[in-house]
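Chemist: If you scroll down you'll find the structure; I have some questions about it.
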Amino acid sequence: MFDEAMRRDAARLLEALRARALKLATAESCTGGLIAGLLTEIAGSSDVLERGFVTYSNDAKCQMLGVPAALLAAHGAVSEPVARAMAEGALARSGADVAVAVTGVAGPGGGSAEKPVGLVHLAAARRGAATLHRECRFGDVGRGEVRLRSVAAALALVRALLGPEGSPPHA
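In case it helps, my numbering puts the sequence shown at residues 20 to 190.
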């Protein structure tokens, strides 16, 4: 499922987190655990990946991550505020230092004029730092492709949160 380039990106991110002694948590909706799945394909990931939450339903987002039901009602699951709340909730409910969250419309159905298939909101949070957000509009490129592109975007957002290209710190 994951190509070699994606595996290399994931290994590089794990190395950058490890070099900073940071633990990562994932909070996934439309990717259904693919981010955590990719990371755990890499030997040694257990010293970085603290846990993964798969919160596909709104109830799961509320129960597992503490996303307020009122926030979901006001903005919908596929929104910037909910992605941010998911990432921040993953931090609050784990021993991780960094969290990444993804929520979106993978398709083929479920889209609307306001929230079309391929719309994905991602957020990355770090203790003591501002939460980053990214909106992606991948288009109706197929469910699997939306999910894979979301995984790649999530890795990139965590790298951005860590600093230039998410590379290990220099001595």
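Just so you know, even glycine gets a beta-carbon here, dropped at the ideal spot from N, CA and C.
Looking at C-alpha atoms only, which residue of K80, A29, N77 and V136 is the closest neighbour of G56?
Modeler: The residue you call residue 56 lines up with position 37 of the sequence shown. Comparing Cα-Cα distances from G56 to each of K80, A29, N77 and V136, the minimum goes to A29.
Chemist: Tell me the DSSP secondary structure of G147 in three-state form.
Modeler: By one-based count along the sequence shown, residue 147 stands at place 128. Residue state, collapsed to three classes: coil.
Chemist: For R153, name the three-state secondary structure that DSSP assigns.
Modeler: By one-based count along the sequence shown, residue 153 stands at place 134. Three-state DSSP puts R153 in a strand.
Chemist: Between the beta-carbon of V67 and the beta-carbon of L110, is there less than 8 Å?
Modeler: Taking the first residue of the sequence shown as position 1, residue 67 is located at position 48. Taking the first residue of the sequence shown as position 1, residue 110 is located at position 91. Cβ distance not < 8 Å, so V67 and L110 don't count as in contact.
Chemist: Apart from the five residues just before and just after M20, which ones in its own chain have a Cβ nearer than 6 Å to its Cβ?
Modeler: Locating residue 20 in the sequence shown gives position 1, counting from the first residue. Excluding sequence neighbours, M20 sits near nothing in its chain.
Chemist: Can you tell me the Cα-Cα spacing of S131 and A38, whole angstroms?
Modeler: Looking up residue 131 in the sequence shown gives position 112. Looking up residue 38 in the sequence shown gives position 19. Going from the Cα of S131 to the Cα of A38 covers about 43 Å.
Chemist: Buried or exposed: S48, going by 16 or more other Cβ atoms within 10 Å of its Cβ?
Modeler: The residue labelled residue 48 in the question sits at position 29 within the sequence shown. With 16 or more other Cβ atoms within 10 Å, it is buried.
Chemist: For A172, which residues of its own chain have a beta-carbon under 6 Å away from its beta-carbon, when the five flanking residues on both sides are left out?
Modeler: Start at 1 with the first residue of the sequence shown, and residue 172 comes out as number 153. Answer for A172: L141 and C155, listed in chain order.
Chemist: Which residues does DSSP pair with L41 in a beta bridge?
Modeler: The count along the sequence shown starts at 1 and reaches residue 41 at position 22. Partner(s): none; L41 has no beta bridge.
Chemist: Excluding the 5 residues flanking G158 on each side, which residues of the same chain have their C-beta closer than 7 Å to its C-beta?
Modeler: Start at 1 with the first residue of the sequence shown, and residue 158 comes out as number 139. So the qualifying residues of the chain are G137.
Chemist: Rounded to the nearest angstrom, what separates G123 and A40 at their Cα positions?
Modeler: The residue labelled residue 123 in the question sits at position 104 within the sequence shown. The residue labelled residue 40 in the question sits at position 21 within the sequence shown. Roughly 30 Å between the two C-alpha positions.
Chemist: Under DSSP, the beta strand (DSSP E) around R70 begins and ends at which residues?
Modeler: The residue given as residue 70 occupies position 51 in the sequence shown. Per DSSP, R70 belongs to the beta strand (DSSP E) from L68 to V73.
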